[in-house]
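There are 2 protein chains.
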Amino acid sequence: MRSTAAGAAHEETAAKEKLLNAATDLFTRRGYSATSVREIVAAAGVTKPVLYYHFGSKEGIYRAIMDLTQEAFNVRLEKVRRRGGPAGKKLQRLLEEVFDLFLERLSVVRLIFAIYYGPHQGAPDFDFNQFDEAFRKSVLEIVREGVKSGEFRKGRAEDMALVVMGTFSVATELELSHAGRGIGRNGLARLLRLVLNGIAYQGGKVRAQ
Amino acid sequence: MRSTAAGAAHEETAAKEKLLNAATDLFTRRGYSATSVREIVAAAGVTKPVLYYHFGSKEGIYRAIMDLTQEAFNVRLEKVRRRGGPAGKKLQRLLEEVFDLFLERLSVVRLIFAIYYGPHQGAPDFDFNQFDEAFRKSVLEIVREGVKSGEFRKGRAEDMALVVMGTFSVATELELSHAGRGIGRNGLARLLRLVLNGIAYQGGKVRAQ
């Protein structure tokens, strides 16, 4: 049987989740400045004091959405970094981890795109480039390992990191913009293999990855 | 010496250009619905009747921006399609043509992203996916030629088209979001070569593209 304290804690977490989801959705569809605290709490089915208790303000809930996502993102990158294995395999794991997070938080990704690319709407400053930067660094680190070990060609590691990021970018773009036409995790792994092996006919057998 | 008629035609074209540029900029920064005809003509330095004469309405100028861009886009795709040559070279030409247009119309690209990803702002419907679709088709056509001729591997042409689009996507994203950190036309060509040849060490010499 669940104790009263555990039950209350559970309810608090549920309310927090509902508020985060409602705010993410409203900020994306209506814009940050056009969304009021009243609308957020109504959509979440809680009272205003619950929002103020957990997040302090509209700005607070916005920051919480971004901070939590960034934290989850860094956890995934770190998870891959700590494991060994050949560079090609590590790249695949990295892309898959980030892709999974992308799908889990698709609504937050939509919000980030709306703020980043949309008209100015008075949202608190947040440096979205740090996502990209952290991702690029992680990819680059693995590519450099691959070049060093001889698994990858000698060449510009920065360029290699960019084409790997490009495969991620095209796979996520399909999920984001063409609902139902996404290629999923397996498709992404296929694209990565293609990028590693090359499109051009190489005369011999394809190296197994 | 320029005739009066030619001079008038020249002035008309100049006014049209100014209006298109001013509207593109205002729609992007302030949003479509928040921008008034009054603001557009003020920014362009012309009178209201000039806007109504050329475009009919705010909606008309928005549609003109998109239609002109789509037209220019299709012209570039067609230009590459009509020329021959090996598939790798044709892909390079295609990416470069579209990349050049992208840079020339960066402000329109920003507007498209703001409308596509931003909060709903009442802009007239426009099917932005047709850009992507036309691009994908052109890339896919060339990839299929390459597979058929033996220049490319046997394999899923759709996947190959996606990784080529991914290199384009990552190169344009750098121009769009990281001013000054773009890799330019030459960088894009380098990424394409890398995608064609593969990142993995293939044991032999790299095929010349």
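Each protein sequence line maps, in turn, to chains F and B.
Mind the numbering: the first sequence is residues 126 to 334 in the working numbering, read in order.
Mind the numbering: the second sequence is residues 126 to 334 in the working numbering, read in order.
All residues carry an ideal CB built from backbone N, CA and C; glycine is no exception.
Since residue i meets chain F, which of its residues come closer than 7 Å, beta carbon to beta carbon?
| i | result |
| --- | --- |
| residue 322(B) | 323, 325 |
| residue 292(B) | 288, 291 |
| residue 277(B) | 324, 325, 326 |
Report yes if the CB atom of residue i is closer than 8 Å to the CB atom of residue j, and no otherwise.
| i | j | result |
| --- | --- | --- |
| residue 326(B) | residue 277(F) | yes |
| residue 144(B) | residue 165(B) | yes |
| residue 271(B) | residue 323(B) | no |
| residue 244(F) | residue 154(B) | yes |
| residue 157(B) | residue 239(F) | no |
| residue 298(F) | residue 302(B) | no |
| residue 236(F) | residue 152(F) | yes |
| residue 168(F) | residue 147(F) | yes |
| residue 190(B) | residue 160(B) | no |
| residue 335(F) | residue 291(B) | Past the edges of chain F, shown from 126 to 334, lies residue 335(F), and the structure says nothing about it. |
| residue 228(F) | residue 198(F) | no |
Beta-carbon within less than 8 Å of residue i's beta-carbon, same chain only, minus the 5 sequence neighbours each way: which residues are those?
| i | result |
| --- | --- |
| residue 208(B) | 215, 218 |
| residue 289(B) | 216, 220, 264, 268, 317, 320 |
| residue 202(F) | 219, 222, 223, 259, 260, 263 |
| residue 280(F) | 272 |
By Cβ distance, which residues of its chain are closer than 6 Å to residue i, with the 5 residues on each side in sequence left out?
| i | result |
| --- | --- |
| residue 333(F) | Because residue 333(F) sits at a pLDDT of 41, beneath the cut-off of 50, its placement in the model cannot be relied upon, and the following sentence gives the value as read from the coordinates. Closer than 6 Å at Cβ, skipping near neighbours: no residue. |
| residue 184(B) | 249 |
| residue 306(B) | 299 |
Residue i touches chain F at which residues, Cβ-Cβ below 8 Å?
| i | result |
| --- | --- |
| residue 194(B) | In chain order: nothing, as chain F lies at least about 17 Å away. |
| residue 153(B) | 244 |
| residue 224(B) | None at all; the shortest Cβ gap to chain F is about 13 Å. |
Tell me the residue span of the alpha helix (DSSP H) that contains residue i.
| i | result |
| --- | --- |
| residue 174(B) | 173–180 |
| residue 195(B) | 183–207 |
| residue 241(F) | 231–242 |
| residue 132(F) | 129–155 |
| residue 168(B) | 162–169 |
Leaving out five residues on either side along the sequence, give the residues of the same chain with a beta carbon under 7 Å from the beta carbon of residue i.
| i | result |
| --- | --- |
| residue 188(F) | 249 |
| residue 211(B) | 276 |
| residue 287(F) | none |
| residue 331(F) | Interpretation of residue 331(F) is limited by its pLDDT of 47, a score under 50 that renders its predicted location unreliable; no figure is taken from the coordinates. |
Taking residue i as the query, report the chain B residues whose CB atoms sit under 7 Å from its CB, ordered along the chain.
| i | result |
| --- | --- |
| residue 287(F) | 295, 316 |
| residue 265(F) | None at all; the shortest Cβ gap to chain B is about 13 Å. |
| residue 284(F) | 315, 316, 319 |
At a CB-CB cut-off below 8 Å, which residues of chain B make contact with residue i?
| i | result |
| --- | --- |
| residue 298(F) | 294 |
Chain B partners of residue i, CB-CB under 9 Å?
| i | result |
| --- | --- |
| residue 198(F) | Chain B residues near residue 198(F): none, gap ~17 Å exceeds 9 Å. |
Using a cut-off of 9 Å between C-beta atoms, extract the partners of residue i located in chain F.
| i | result |
| --- | --- |
| residue 156(B) | 156, 243, 244, 245, 246 |
- Scan the region 245–327 of chain B and note each continuous alpha helix (DSSP H) run of 4 residues or more that stays entirely inside, going in chain order. Runs of the alpha helix (DSSP H) inside the region 245–327 of chain B: 254–274, 282–302, 309–322.
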